Amino acid sequence: MSLNLSPGTLDTMAGIFAPAKKQRLGSGGGSPPPAKQGGTMLRLAVASMFPKATSRPGGGRQPYATKQAFGAGAQGAVSRRAIATMDRTARRVPEVLVRITGRQHGSGHVLANFAYISRLGHGTDKQLALYTSDEEVLRDGRAMQELAQDWQEWEMGDDARRKGATSLSMILSMPSGTDPERLKAAALDFAREEFANRSWVASLHIDRDHPHVHLTFARRDHDGRRFHPTRDDLFRYRQRFAQKLRDRGIEANATPAKARGVDPKHEPIAARKVRANGQVPRLDTNRLARAQRFANATTADPVRAILTEQQAVVRDAYLQSIAELSATPSVVNQTVAKSLQRFVEVLPDPEPNSIQAAHTLRVLRALDTRLGGLEAEASDAPADPIAAAIARSSAMRDRIEARRLRDQTDAVRSPEPVDPERQKEETRTPITRHDPATAPTDIDEVMRQVQERERARMARERERDRSPGRGGPTR
């Protein structure tokens, strides 16, 4: 016997698993729409003349959020899909990634995208197959050029002016360890169904630690309608791509960040690339400045309270589902309830991005202190902590190299000519030998000694070159 979640619990969970309608607070989501004016009383009067929709569970329409999160259908089918989604979330099944990566304007730009995703021009051993919506596999540059021109001509239509982007490109990815061939099959099947009325190309990439498929589709479909995917479209793409993977035996999930108990970062790709190069993006600088302002004012970041309240709503929704699943005699549902209970117990505490940035900076500074120990010259000191750690590591290597050169110079130094008077004086004076243990440890002193010995050696060689009888007869 399987338990169906109550309509109230199902609608509550749908609010957690459906995509957010607004951007995060303070993220600059644009101006709100103008308020509707006029006709309010007339609309209420007309609406009162019609019977209201029956409330569930007896029947009636499902809320849009429930359909968006768990699909449409009978109450039992929707409930089973909701329980399966919660179970995958509690087990932390890998999440699929579907992201728009760019827009291409004109046939030349489209051809450049085709060449990039197919590795055209990198040699036959590195070139990748380019699958098309016509069930063809392109490997020739001429065929790709013709296809790009066809897309551009169709985008232009009968108008000589360009309407906008000719194509859009996206990426479908899974974490490392995913079978690339089954991933490719799922992506191609997804493209055939989702973009059945438009042209597209796709190529599998396995050059990184995670396999992914690049998918580029024409912006104008076969009926002449132009299209750009919205947030809801991208969420639906994730859901369908995850289902295609599950159909092929790959566990995959597609849920919003709030359902997993984490706060979405909303970070642009450019900031991540700058951070990966060892630099501090402007986004992190602004977050650090925000954290410093609140620290100086000895007040808490108000975003923390907002995030705490949002997570409390998520936690209460899970606890409501756990109570209903635990009340059933079904062993499967009780197992899901226990898994959800463990998931809720380890939910991370919400933390604003400003606090996260400050914590990351403290970790980097501690790492810099452990790696170093040497003070870099003020003129060469890098601005960010990662570059400082690299500079200190380079200084350590320079010190080791200087010591090695000093030892080699002492070993191969040419003997000086013996002066009889000096030799007699040395026999009467105790010889004080240089103790290696007391050698100077400062890098500047070591380098100075090496340079002085090198200059002395070159001076002796010049004196020998000037001596008579060397270099042949004089003219």
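If you use UniProt numbering, the sequence shown corresponds to residues 1 to 475, in order. We put the CB at the ideal spot given by N, CA and C, even for glycine. Quick caveat, the model's predicted, so the values are computed rather than measured.
| Item | Value |
| --- | --- |
| Inter-residue CB distance, residue 228 and residue 168 (contact presumed, cutoff 8 Å) | 7 Å |
| Segment contact flag, the stretch 242–251 with the stretch 212–229, C-beta cutoff 8 Å, min 3 pairs | no |
| Per-residue burial, residue 483 [other beta carbons within 10 Å of its own, 16 or more giving buried] | As shown, the chain starts at 1 and ends at 475. That puts residue 483 outside it, with no answer to give. |
| is_contact[residue 93, chain C] using C-beta, thresh 8 Å | Among the chains of the structure shown, chain C does not appear; only one protein chain is present. |
| Residue 324 versus residue 337 - alpha carbon distance | 8 Å |
| Reduced DSSP secondary structure (H/G/I, E/B, other) of residue 104 | strand |
| DSSP state of residue 462 mapped onto helix, strand, coil | helix |
| Per DSSP, the bridge partner or partners of residue 95 | 253 |
| Beta-carbon gap between residue 255 and residue 89 smaller than 8 Å | yes |
| Reduced DSSP secondary structure (H/G/I, E/B, other) of residue 195 | coil |
| Secondary structure, beta strand (DSSP E): runs of 3+ residues fully inside the stretch 244–319 | none |
| 6 Å CB neighbourhood of residue 97 in its chain, flanking five on each side removed | 173 |
| CA-to-CA distance, residue 80 to residue 8, given in whole angstroms | 15 Å |
| Top-ranked residue by Cα proximity to residue 242, from 119, 221, 184 and 14 | 184 |
| Rounded C-alpha distance that separates residue 78 from residue 348 | 29 Å |
| Straight-line gap, residue 280 to residue 274 (C-alpha atoms, nearest Å) | 7 Å |
| Proximal residues to residue 432 (C-beta, below 7 Å), its chain only, five neighbours per side dropped | Because residue 432 carries a pLDDT of 42, less than 50, the predicted location of this residue cannot be relied on, and the following value inherits that uncertainty. Closer than 7 Å at Cβ, skipping near neighbours: no residue. |
| N- and C-terminal bounds of the alpha helix (DSSP H) containing residue 217 | Careful: residue 217 lies outside any alpha helix (DSSP H), inside the beta strand (DSSP E) at 212–218. |
| Neighbourhood of residue 318 by C-beta distance below 6 Å, restricted to the same chain and skipping five residues each side | 340 and 344 |
| Cα-Cα separation between residue 292 and residue 352, rounded to whole angstroms | 13 Å |
| Member of 258, 357 and 321 whose CA lies at the smallest distance from the CA of residue 310 | 258 |
| Outcome for residue 225 when other beta-carbon atoms lying within 10 angstroms are tallied against a minimum of 16 | exposed |
| Residue 5 (DSSP reduced to helix, strand or coil) | coil |
| Secondary structure of residue 79, DSSP reduced to three states | helix |
| Pick from 106, 105, 240 and 61 that is closest to residue 191, judged by C-alpha positions | 240 |
| Chain-order list of residues whose beta-carbon lies under 7 Å from that of residue 180 (same chain, five-residue window excluded) | 204, 206 and 211 |
| Boundaries of the alpha helix (DSSP H) in which residue 156 is found, first to last residue | 141–156 |
| Inter-residue spacing [alpha-carbon to alpha-carbon] between residue 307 and residue 313 | 10 Å |
| Distance between beta carbons of residue 357 and residue 284, contact taken as under 8 Å | 5 Å |
| Spatial neighbours of residue 165 in its chain, beta-carbon cut-off 7 Å, leaving aside the 5 residues before and after | 103, 104, 105 and 219 |
| Cβ shell of residue 113 (< 8 Å), same chain only, five flanking positions each side left out | 102, 104, 167, 169 and 216 |
| Whether residue 68 touches residue 18 by CB criterion (8 Å) | yes |
| Backbone secondary structure at residue 332 - three-state DSSP | helix |
| Nearest candidate by alpha-carbon position, reference residue 195, set 233, 178, 267 and 175 | 233 |
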